[in-house]
Structure formats: structure tokens, C-alpha cells
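**Student:** Here the sequence shown is numbered in the working numbering, starting from 14 and rising by one per residue.
The C-beta atom is built at its ideal place from N, Cα and C for all residues, glycine as well.
Only a predicted model underlies this, so the values are computations on that prediction, with no experimental measurement involved.
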Amino acid sequence: MKRKMQSKNNKEISFISQVRVRFVETDPLGIVWHGNYIQYFEDGREAFGRHHGISYLNQKDFGYATPIVKSSSEHKLPLRYGDVATIKTIYVDSRAAKMIFRYEIFNQENQLVCTGETVQVFVDHTGQGELSLTIPDFFMEWKQKVGLLDD
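1. For the alpha helix (DSSP H) containing L90, list its first residue and its last residue.
2. Hey, is A109's beta-carbon within less than 7 Å of any beta-carbon in chain B?
3. Are the beta-carbon atoms of E130 and R108 separated by less than 7 Å?
4. In terms of residues, what are the limits of the beta strand (DSSP E) holding K111?
5. Return the first residue and the last residue of the alpha helix (DSSP H) that R63 is part of.
6. Mind checking whether V132 and I103 have CB atoms under 7 Å apart?
7. Which class does K21 belong to by DSSP, given the choice of helix, strand or coil?
8. Just tell me which of I44, V34, P41, R63 has its CA closest to the CA of Y53.
9. Quick check: the Cα distance between D56 and D163, rounded to an integer number of angstroms?
10. When the distance is taken between beta carbons, is A110 closer than 7 Å to S145?
11. Can you give me the C-alpha to C-alpha distance between S68 and E59, rounded to a whole angstrom?
12. On a Cα-Cα basis, can you pick out the residue from D96, F61, Q124 that is closest to H88?
13. Does DSSP put D137 in a helix, in a strand, or in coil?
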């Protein structure tokens, strides 16, 4: 079944959240180890999902999981132990059966310290983890609800 889907390119759906850098997240130089930024992306994505009604638990209720199949990050400035980082999580609309998120992480001085992107796909959570090649109905309904689809 082919669906007509038009994206409103000027609509950005995002959410701002914050994390405090913990000691365990830093390296011997006292700066955040680069691998921990992926966890900050996860923190931002979970906050986005809870706020916008598309959390992992919501997805599971509809029988889906959304594993990450691609992630990237670009580091510009360091974060240090005790810093409060602001994470802007942006949903990037796609015509494919996937979720794309972009991230901007800022330090306390509102300087951009890291950018990144993740791509997730829909798999059947109740069976053998089969990849969904079409956008699940619940996700189309969510896109309609948040204004991403033209009527």
C-alpha cells in the first residue's frame, strides 16, 4: 500500500532538555569523553519522546521497537565535570519508515559544543524483530497530530 505523504518543510519539531555532567562521564583530562555524547543524544531523544507523545514506551505499546542503525557526532568544544549542558533534539521528517533526529548540545555560555544525528528504524517488537518497510499506522497518526502531514 502506497501512501501519499507531504512534509511541511518549514515545521520543526524539537525539544530542549538539560543534563549535568557527572564525574564518571569525564576522562583523565576532566573533559567529557567523546563516547558520552551519544548518551546525551539518548537523553535528549527520550525527553523529546516523553514531551511529544512518541516515547519508547509509546512505540512498544504499538508493538514496535526503534533501534539505532546510524549515529554520528561532531565535537567543537569540551564539556567539563559539573557543567550543565543544554540538548536541543530536533525531529527530521522523512518519507521513509525511519526516525531521524539531529542534536545540538550547548554549554552554560550557550556555545555550541557538539552536533550529531541518529537514524532509527521500526522493527516488530512482538515477534522476530522484523524490519518494517512501511511507516506504521501509529507513527502516521502521530505525524498528523503534530502537524507534519498535509491533509
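**Tutor:** Well, looking at it:
1. It is not in any alpha helix (DSSP H) - L90 carries neither H nor E in the DSSP assignment.
2. Absent here is chain B; the protein component of the structure consists of one chain.
3. Taking 7 Å as the Cβ cut-off, E130 and R108 do not qualify as a contacting pair.
4. Segment 111-119, the beta strand (DSSP E) holding K111.
5. Note, R63: alpha helix (DSSP H), 49-65.
6. The Cβ atoms of V132 and I103 lie no closer than 7 Å to each other.
7. Below a pLDDT of 50, predicted positions are generally treated as unreliable, and K21, at 44, falls in that range; the measurement from the model is reported next regardless. The answer is coil: DSSP assigns K21 none of H, G, I, E or B.
8. Out of I44, V34, P41, R63, V34 has the C-alpha closest to the C-alpha of Y53.
9. One C-alpha to the other measures close to 30 Å.
10. The answer is yes: Cβ separation under 7 Å.
11. About 6 Å.
12. If you compare the alpha carbons of D96, F61, Q124 with that of H88, the shortest gap goes to Q124.
13. Assigned with DSSP and collapsed to three states, D137 falls in strand.
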